[in-house]
Amino acid sequence: MIIPCPYCGRRHSSEFSYLGDASLMRRPDFEASEEMWSDYIYLRDNRAGNHKELWRHSFGCGAWLIVERNTVTHDVLSVVPAKDQS
Amino acid sequence: MQVRRCPAGGLIDRASPVRFSFDGKEYEGFRGDTLASALLANGINLMGRSFKYHRPRGVFTADSSEPNALMEIGSGAHRDPNVKATMEELVDGLEARSQNRWPSLAFDVMAVNGLLSPIFTAGFYYKTFMWPKSFWEKVYEPVIRRAAGLGRLSDEPDPRTYERRHIHCDILVVGAGPAGLAAALLGARSGARVVLADEDFHLGGSLLNLRNYKQTEEGAWADAAIAELNNTPKVTVLPKTAVFGLYDGPVFAALQRPQAASKNPVTFYWKIFPKQTILATGASERGVVFGGNDKPGVMLASAAQTYVNRFATKPGRRSVVFTSTDDGWYSAAALEKAGILVAAVVDPREGLSPALTGTVDAECFQGAVVEKARGGRHLQDAIITAENGKKTTVQCDLLAVSGGWSPNIGLTCHLGAKPSWDSARSAFMPAKLPGGIAYAGALEGSVSTGTALKSGLEAAQKALDLLEMHSAEIKIPTAEKNLNISRSADMPLWRVRSAKEKAFVDLQHDVVATDISQANREGFRSVEHVKRYTTLGMATDQGRTSNLNGLAILADENNMPMSSIGLTTYRPPYVPVAVGAFAGENAGLDFRPKRLPPSHRWAERQGAVFVEAGDWLRAQYFPKTEEKHWRQSVDREVTAVRTKVGFSDVSTLGKIDIFGPDASVLLERVYINAWRKLAVGKARYGLMLRDDGFAMDDGTTARMAEDHYVMTTTTAKAGPVFQHLKFCHECLWSDLNVAFVSSTDQWAQYALAGPKSRDVLQRLTDHDVSNEALPYMGATAASILGVEGRIFRLSFSGELAYEIAVPARYGEEFAEAIMDAGAAEGIEPYGTEALGVLRIEKGHLAGPELNGQTTAQDLGMGRMMSKKKDFIGRKMALRSYLNAPDRASLVGIRASDPSISFEAGVHLFAPDAPVDPAHDLGYVTSAVFSPTVDATIGLGFLSHAEEYSGRLLRAVDPLRGTNVSVEVCSPHFVDPDGERLRA
């Protein structure tokens with residue numbers, strides 16, 4: 000798979016480390032309920048289709064990226080720096 | 000004697016004879032031969048025994064789809080099993096051996112399996128060896144394994160050199176036949192970066208099968224094209240390279256076998272990243288399933304043509320050609336021109352044009368089939384059955400078969416695209432693919448050299464358009480002048496139904512037509528089920544010569560059209576790939592990078608014993624000549640630190656510089672404790688959690704300036720913690736004005752520990768390091784021996800101690816300098832073993848305690864968790880069950896007697912309790928012999944820790960037979976009040 004890094008250009012996926020669902024960026028407030036926290040920590044959607052994920056260009060610029068990817072076709076639809084959306 | 004070599008012609012270099020051996024006997028061939036062509040030239044066609052029935056087999060193809068002529072090449076550790084003789088370039092000294100035969104290829108005792116063949120039908124093993132169950136592993140399987148099989152692995156470590164390479168290009172062309180060459184040449188002329196890959200060692204594909212290639216217009220063109228491509232700097236030509244996988248991106252994977260006669264042969268694993276791709280993988284001829292179609296001497300018509308034209312080798316003297324395509328007739332003509340008698344051409348079609356039948360001077364059987372081939376180790380004759388049932392027996396030692404053509408669609412299916420049946424072409428044609436992948440030549444539907452050349456050009460033009468590059472002009476040969484006969488439609492011929500003799504579908508796996516009928520009768524309808532039940536197409540050739548015939552038989556049995564029978568899934572790799580190729584350079588000691596601490600060379604000179612710690616190679620201990628056991632060295636090193644002074648390289652600890660006005664805020668959020676009020680020039684211990692509440696890592700962080708901190712992490716977590724900080728900043732709190740840089744490799748950091756450490760340090764620096772100027776947990780920039788560095792007053796041992804940091808390039812000299820400075824005090828270097836003993840004696844945590852299953856509470860640091868702020872892990876750390884009293888928490892464990900020892904991993908039980916999971920109270924994570932305490936001590940986690948404090952428990956390890964008495968105590972075995980630290 001090729002991921003077009005917004006800083007470095009088209010790079011092979013082996014240069015990146017994968018974290019998972021980009022919903023990890025929506026960290027609840029510490030006063031939120033335990034249910035909300037449990038949902039945040041343990042529950043992930045497993046979508047067939049377009050899915051936003053966090054990847055880090057570990058062997059490149061080092062930036063965390065939000066990669067929108069189709070989990071069925073593996074098409075990469077968009078890649079933006081995570082810091083622009085947090 | 001190359002008895003079957005034609006006197007002239009062929010793409011072989013008769014001036015370069017090549018010596019090789021087969022089954023221990025010496026032979027000679029020429030440069031340009033494959034192993035298969037050289038064997039044929041020497042009159043050898045018996046090249047192997049079949050998988051199940053041990054039937055004699057000859058070469059069937061002249062390309063990479065070969066199911067029969069598989070050999071062991073090389074000897075010792077270099078022995079490679081299942082190498083296709085048809086693809087192996089002949090080199091001097093090549094050693095080949097036939098496989099799956101005993102005692103010899105000509106006489107194989109296991110051929111008796113052939114007589115038992117009625118038993119060895121589809122599903123035989125599943126049905127027969129059901130019981131008794133224990134017999135499967137002990138009796139049946141070993142016997143079957145010995146009887147069935149292919150080549151043997153060498154069983155030795157792979158000595159070959161593999162290298163991984165990545166290449167980006169504008170246009171990738173896969174296949175260097177007429178279409179691929181034309182496409183690559185146009186791309187090259189137009190200035191594109193082109194990669195051209197072909198499996199063969201000689202580029203040209205089907206053009207190489209032309210009679211007198213060098214004298215033809217096409218051959219001259221191809222030679223010129225190849226020369227030009229080789230001389231164009233922006234073009235990478237990869238011969239002997241099988242593109243074996245297509246992955247998302249698209250990214251192509253290819254395996255390049257070593258170039259012949261290379262002194263240091265390297266196998267390359269290529270990852271190719273093209274903007275545009277032209278697949279020109281060609282088509283493979285199919286055989287026909289008829290009785291005895293596996294006899295040595297039966298081969299594909301195109302292969303026979305290749306042997307006579309390209310290799311100037313006669314695969315027989317007297318041939319019969321059995322074809323349902325026009326191409327079979329041209330192959331017959333080629334055989335005839337090469338001096339092989341063509342006794343008969345058998346074509347199931349009728350009403351063929353005299354222009355076609357006139358190309359060969361042979362008896363012509365239209366509307367007829369070959370029902371059976373007969374012979375033992377060599378083909379003797381073919382029985383031809385006419386439509387009216389009349390049988391004719393024709394003597395022959397070569398039976399060339401052409402049942403139609405299948406485009407090589409393998410790669411096009413790797414991403415899950417389904418090919419579709421094209422009834423006009425009687426072939427599965429590839430689905431359209433996204434990602435700039437186009438088809439040319441036979442894969443796109445071309446049926447002649449002329450159309451293939453044209454389709455290659457068109458594909459390249461389209462690719463150049465998409466790349467927005469200007470297309471140059473190139474000339475291609477007119478080609479078709481010798482083929483002015485209008486082509487008759489191919490007649491798909493899959494099998495001869497009247498065959499009674501064993502008729503093979505999958506030659507490599509010995510699957511016969513009746514196996515497929517039987518599977519069908521037993522209810523296996525889906526092609527995927529039939530494949531697995533009969534093992535059709537599951538051998539190393541992946542059924543390239545057999546799949547379609549098998550499917551056709553299945554369709555026929557069910558009266559279904561080919562279009563609805565489906566196709567089994569093609570997956571990468573398209574050709575077998577050695578695991579070593581995937582590993583590339585990362586094998587053996589180079590499995591992963593080796594990092595050396597700055598004092599490494601110095602430590603080597605001291606005779607240190609090293610240990611791998613993650614990527615690092617660290618000094619484990621420094622033995623002295625009189626010491627016979629590692630424990631003696633370690634005890635001495637520990638005692639040196641406790642009584643005078645020791646020196647150790649701690650550079651491997653992760654170091655992260657954190658800058659910015661919000662640096663304190665970020666630390667507050669990643670560590671459980673408070674940071675805002677830490678004074679400049681001070682360090683503090685911090686524990687960080689994951690957001691699920693479990694401990695992630697710990698270390699000290701020093702404030703070097705208002706907006707600059709230096710964080711240390713454990714050695715193992717340096718990378719993950721850095722990634723975590725970046726995550727926290729970029730994904731959670733990008734509003735914070737803060738930046739990080741990992742500086743682990745930039746600093747040589749040395750611990751100077753022991754009551755005399757200050758005296759030694761003061762000799763190295765003019766900076767005041769008195770207790771008043773640099774108290775415990777102080778941190779300062781300082782000039783050390785004239786080098787700008789840092790001094791931290793940190794202790795991992797519990798003694799008065801410092802850490803000195805200087806730029807890594809001074810590391811080796813500083814190791815010497817520190818040892819010199821401490822000579823008067825009797826300074827001793829200590830390694831990771833002593834480091835471990837010292838930290839356990841002091842009750843400091845490390846990897847075994849921060850094991851991903853322990854919380855701050857478990858680690859005795861529950862009260863360190865700030866209640867005034869949010870931090871990573873806060874909410875989940877407070878979950879009630881993580882704070883229940885029976886949750887195991889950190890304790891010290893000591894053997895109740897110095898003669899008793901235990902190891903990390905022992906579990907703890909009350910003295911009178913049964914040893915079972917229900918009574919398990921906890922476990923020990925770290926254990927060492929402490930020379931200071933004079934007993935084995937450890938750290939561990941224990942339920943109801945307070946209740947058991949001071950009591951005796953049993954430390955049990957059923958695996959190692961340990962069951963000893965231990966005492967629960969404080970984890971601080973040495974100086975629990977920290978007086979020495981602050982001295």
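Chains A and B supply the protein sequences, listed in that same order.
All the letters of the first sequence, read from the start, carry residue numbers 0 to 85 under numbering that gives the first Met the number 0.
All the letters of the second sequence, read from the start, carry residue numbers 0 to 982 under numbering that gives the first Met the number 0.
Cβ coordinates follow ideal geometry from the N, Cα and C atoms, glycine included.
Predicted model, so just to flag it, every value in this text is computed and none were measured.
task: Mind checking which residues open and close the alpha helix (DSSP H) that includes M561(B)?
output: M561 to I564
- prompt: Using 8 Å as the threshold, is the region 604 to 622 of chain B in touch with the region 826 to 839 of chain B, meaning 3 or more CB pairs across them?
  reply: yes
- prompt: For G659(B), which of helix, strand or coil comes out of DSSP?
  reply: coil
query: Cα-Cα, which of K233(B), Y947(B) and A333(B) is closest to V359(B)?
result: A333(B)
- request: Output yes if chain B places a C-beta closer than 8 Å to the C-beta of W54(A); else output no.
  value: no
query: Nearest CA to the CA of A241(B): which residue from E556(B), H201(B), P6(B) and K474(B)?
result: H201(B)
Closest residue to P6(B) among A40(B), L465(B), E27(B) and N208(B) (Cα-Cα distance): A40(B)
query: Quick one: what's got a C-beta closer than 7 Å to V526(B)'s C-beta in the same chain, skipping five residues either side?
result: L550, L553, I564, G565, L566 and T567
task: Output the distance between the C-alpha atoms of H918(B) and S942(B), rounded to the nearest integer angstrom.
output: CA-CA distance, H918(B) to S942(B), rounds to 11 Å.
Extent of the continuous beta strand (DSSP E) to which I72(B) belongs: L69 to I72
message: Does V927(B) pass the burial test, meaning 16 or more other C-beta atoms within 10 Å, or should it be called exposed?
response: buried
- request: With a cut-off of 8 Å on the beta carbons, I'd call T160(B) and V265(B) a contact; round off their distance for me.
  value: 5 Å
query: Among I43(B), R808(B), R959(B) and M298(B), which one has its Cα closest to the Cα of W601(B)?
result: Of the listed residues, the one whose Cα sits closest to W601(B) is R808(B).
- prompt: Where does A912(B) fall in DSSP's three states?
  reply: coil
- prompt: DSSP on N481(B), reduced to helix/strand/coil?
  reply: Reliability of the predicted coordinates at N481(B) is poor, the pLDDT of 47 falling under 50, and no value is obtained from them.
query: Which whole-angstrom value is the C-beta distance of G290(B) and K453(B), which I expect to be below 8 Å?
result: In fact, because the Cβ distance is near 41 Å, the residues do not count as touching under 8 Å.
message: So that I know if they touch, is there some Cβ in chain A lying closer than 8 Å to that of I11(B)?
response: Not a single CB atom of chain A sits nearer than 8 Å to the CB of I11(B).
field: Per-residue burial, N483(B) [other beta carbons within 10 Å of its own, 16 or more giving buried]
entry: Note that N483(B) scores 48 on pLDDT, short of 50, meaning its location in the model is unreliable; the coordinates nonetheless yield the value given after this. Residue burial annotation: N483(B) is exposed, with fewer than 16 other C-beta atoms found within 10 angstroms of its C-beta.
- request: Could you check if V369(B) is buried or exposed, using at least 16 other CB atoms within 10 Å of its CB as the buried criterion?
  value: buried
message: Just to make sure I have the definition right: I need the residues of chain B whose C-beta is within less than 7 Å of the C-beta of G61(A). Which are they?
response: Per Cβ cutoff of 7 Å: K725.
query: chain A beta carbons: is any one of them nearer than 8 Å to that of M86(B)?
result: no
message: How far does the alpha helix (DSSP H) with A302(B) in it extend, from its first residue to its last?
response: Per DSSP, A302(B) belongs to the alpha helix (DSSP H) from A300 to N308.
Short CB-CB distance (under 8 Å) between K270(B) and chain A: Closer than 8 Å: yes.
message: To the nearest angstrom, how far is the alpha carbon of K431(B) from that of I408(B)?
response: 11 Å
query: Do the region 395 to 403 of chain B and the region 307 to 319 of chain B make contact, defined as three or more Cβ pairs closer than 8 Å?
result: yes
task: Give me the Cα-Cα distance between M875(B) and E33(A), rounded to the nearest whole angstrom.
output: 8 Å
Test: E33(A) CB closer than 8 Å to a CB of chain B: Interface criterion met: the Cβ of E33(A) is under 8 Å from a Cβ in chain B.
- request: Using the DSSP secondary-structure output, state which residues sit across from N69(A) in a beta bridge.
  value: N49(A)
- prompt: What is the rounded straight-line gap between the Cα of D765(B) and the Cα of V633(B)?
  reply: 33 Å
task: Kindly say whether S969(B), judged by its beta-carbon, lies nearer than 8 Å to any beta-carbon of chain A.
output: no
query: Whose C-alpha, out of I225(B), Q856(B) and E902(B), is nearest the C-alpha of A883(B)?
result: For the residues I225(B), Q856(B) and E902(B), the minimum Cα distance to A883(B) belongs to Q856(B).
- request: Work out the CA separation of L38(B) and R30(B) for me, nearest whole Å.
  value: 13 Å
query: What residues in the region 377 to 395 of chain B have a beta carbon less than 7 Å from any beta carbon of chain A?
result: For the region 377 to 395 of chain B, which is checked against every Cβ of chain A, not one residue is closer than 7 Å.
- prompt: Enumerated in chain order, which unbroken segments of the alpha helix (DSSP H) with a length of 4 residues or greater are wholly contained in the region 260 to 287 of chain B?
  reply: none
For I657(B), the nearest candidate out of M428(B), K461(B), E705(B) and K716(B) (CA to CA): Nearest to I657(B) by C-alpha distance, out of M428(B), K461(B), E705(B) and K716(B), is E705(B).
field: alpha helix (DSSP H) segment containing M35(A), residue limits
entry: E33 to Y41
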